[in-house]
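Before any comments, here is the structure.
In mature numbering (1 follows the signal peptide of the UniProt record, and there is no 0), the protein residues as written are -27 to -1, 1 to 658.
Below, the structure written as structure tokens:
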């Protein structure tokens, strides 16, 4: 009865699991070939700086293990709105990198196809106040010993009366130019060119680009010349740029050809579409491109990709790919893995459900479930039968015992508000612990209390025995407790005198009913204002029978450990541990005192002590000062005779000697007489 589960239950879960495993299946299908995106960088590396449009292909790279050697290292530096790539060895901004990745359909790659465009800046040299000055300065960039050479470059000079010579490392002049200004003033026009008037240029190729130093002479006194390197376009616009402007400079870059290095990839199966022009080596370089129609970076493993597979093809005809055995195998493995995982999950859930069901069955048996079922069988003729709720029902009713559903907490357990499947709102009390020796009495009480049907007693609807400690299910009373209405400062509600009389009378009738119930009287043992619930019409409902005991007809008292609430405890019971029906009478007398005075049963004094309401009330009665302790809010509402009559019955209930206290029947009779106005003519005994 506890285990009804099949894998059909997990159909939604199966759909979710299939969706979860779909990427794995796709990955398995495609694992036999490289990624559909043609890569230009090493795996795990990025090809741009943040918000930059400059692509960084291998052998250049950003980050550790992403470049071939330190000459090709690119670092990203923060600018105003983006990061800019810099060639780390030279600390120069990279404006563009060209290569043979998509060489316009060519089957060969030339050295001029491999170039890098970097930023160049102006440098200034001044005369220091004398003519015919000759000075040697270092160049702006020295490419000697690097994998870079100048390409389509110019050494640019601007200013008046300056002569510049470019020398190599052997102090041989490899180029020079002079600049002058007619009239001594530098004047630029729209059609000015760098032809010696105001500026001059020294063109150079890769053969003479490895210059070492620059000689500058014949600078006019107190004047300066500016020099830099730049490409052909920079030479054309030199007259229109400021000294702070950035020019572009093109270098050629070389790909090292080392054993097991970059060119070793040419022997790989997936790079068989790469060809090397006419296999010419230029300065130790191997120039490669992808054979059409393949695209990508030939210097990377699997760098050349089929455009039909990458989705970039716009001109080549692409045939529908044939399903290969690798794909079939990958799909089969993936689906098999999904099925295996699903079966394992189903098996795990089945085992887990079985364990939970077994644990609930053990709890049910240990908590007296079988005994309760026997008791229910013996009372089948009774209309008021005990309901046995499952743990699942209570969990659903309380939203898995959510903290927001807590109505109250005490020393004996926590009370939750819940709603059953039939729409009934209930209060569910989960106990903290239950003594195994009290299981038999507990079951008897559950059966008896569930059969109690009195308008002023909270109805016990049933219990749950599948949990570690049994839970009780009561009807829900919506208007809080009497204690809240009397003592809670947040409850700014005044209970009228007539309502107080009604609550006192109805509570006494409920206790009288319990004390005289059939052949098994029930002692509440924890009568207090917080155990008296009020509905929307302020009808009293006695609740919380957590410490109650049923007494056989031949028992006069019950001996047990001290249970109850201080301030309400019968002094005799506190001393002898013998509980009688008169003990409930004493506790009810404290409740009557609360209704009369509006005070708590125990309150703190100014001397850091505690004041007992019962003793204080008796003191005022003995000294004929009742009006000093009665709640001022009801003095104007109540008749003096009613107040005195209720005070007298309260005094009797609080008698130290239990034998001199009235029975609950006498108390209920007296209170009903006060309520109806016939207390002077009715004899209650």
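A virtual CB, placed ideally from N, CA and C, is assigned to each residue, including glycine. Just so we're clear, the structure is a prediction, and the values are computed from it rather than from any experiment.
So, are the CB atoms of residue i and residue j less than 7 Å apart?
i	j	result
residue 137	residue 147	no
residue 134	residue 193	yes
residue 263	residue 274	no
residue 167	residue 150	no
residue 604	residue 570	yes
residue 326	residue 467	no
residue 416	residue 455	no
residue 610	residue 470	yes
residue 40	residue 88	no
residue 67	residue 27	yes
residue 222	residue 311	no
residue 638	residue 485	yes
residue 93	residue 21	no
residue 371	residue 396	no
residue 17	residue 127	no
residue 443	residue 340	yes
residue 169	residue 154	no
Please list, in chain order, all residues of the same chain as residue i whose beta carbon is under 7 Å from its beta carbon, the five residues on each side excluded.
i	result
residue 364	333, 437, 439 and 440
residue 479	429, 512 and 513
residue 472	511
residue 445	402, 433 and 436
residue 387	379 and 403
residue 541	500, 501, 560, 563 and 574
residue 119	44
residue 544	629
Assign residue i to buried or exposed, taking buried as 16 or more other Cβ atoms, counted over all protein chains shown, within 10 Å of its Cβ.
i	result
residue 546	buried
residue 235	Below a pLDDT of 50, predicted positions are generally treated as unreliable, and residue 235, at 44, falls in that range; the measurement from the model is reported next regardless. Under this definition residue 235 is a buried residue.
residue 595	exposed
residue 278	buried
residue 633	exposed
residue 38	exposed
residue 55	exposed
residue 227	buried
residue 695	Outside the shown range of the chain (-27 to 658) lies residue 695, about which nothing can therefore be said.
residue 503	buried
residue 678	Nothing about residue 678 can be read from this structure; the chain reaches only from -27 to 658.
residue 176	exposed
residue 301	exposed
residue 224	buried
residue 509	exposed
residue 320	exposed
residue 426	exposed
residue 45	buried
residue 555	buried
residue 50	exposed
residue 423	buried
Is the closest heavy atom of the ligand SAH to the C-beta of residue i under 6 Å?
i	result
residue 26	Annotation note on the ligand SAH: not contained in the displayed structure, which lists no ligands.
Could you name the residues of the same chain whose beta carbon sits closer than 8 Å to that of residue i, not counting the 5 residues immediately before and after it, in chain order?
i	result
residue 196	99, 100, 132, 133 and 134
residue 216	95, 97 and 199
residue 617	599
residue 232	Only weak support exists for where residue 232 lies, its pLDDT of 37 falling under 50; the coordinates are left without a value.
residue 43	61 and 62
residue 507	450, 452, 453, 454, 455, 458, 476, 513 and 514
residue 584	575, 576, 577 and 578
Here's a check: name, in chain order, each residue in its chain whose Cβ is nearer than 6 Å to the Cβ of residue i, leaving out the five neighbours to either side.
i	result
residue 432	448
residue 48	59 and 61
residue 648	474 and 478
residue 602	570 and 593
residue 657	639, 642 and 643
residue 19	35
residue 568	473 and 477
residue 269	11, 263, 276, 277 and 278
* Quick check: the stretch 588 to 608 against the stretch 616 to 631, are there 3 or more CB pairs under 8 Å? -> yes
* **Within the stretch 534 to 597, ranges of the alpha helix (DSSP H) (whole runs, at least 4 residues)** => 544 to 549, 554 to 570 and 586 to 595
* To do: Specify whether the stretch 441 to 461 and the stretch 605 to 624 touch according to this definition: at least 3 beta carbon pairs, one from each stretch, less than 8 Å apart.
  => no
* Segments of 4+ residues assigned as alpha helix (DSSP H) that fall wholly inside the stretch 477 to 507 -> none
* Are the stretch 488 to 498 and the stretch 542 to 560 touching by the rule of at least three beta carbon pairs closer than 8 Å? -> yes
* Answer yes if the stretch 475 to 490 comes into contact with the stretch 630 to 649, meaning at least three C-beta pairs across the two stretches below 8 Å, and no otherwise. => yes
* Asked: At which residue ranges does the stretch 422 to 484 contain complete alpha helix (DSSP H) runs of 4 or more residues, listed in the order of the chain?
  -> 455 to 460
* beta strand (DSSP E) runs wholly inside the stretch 24 to 98, at least 3 long, in chain order -> 46 to 51, 56 to 60, 65 to 71 and 88 to 93
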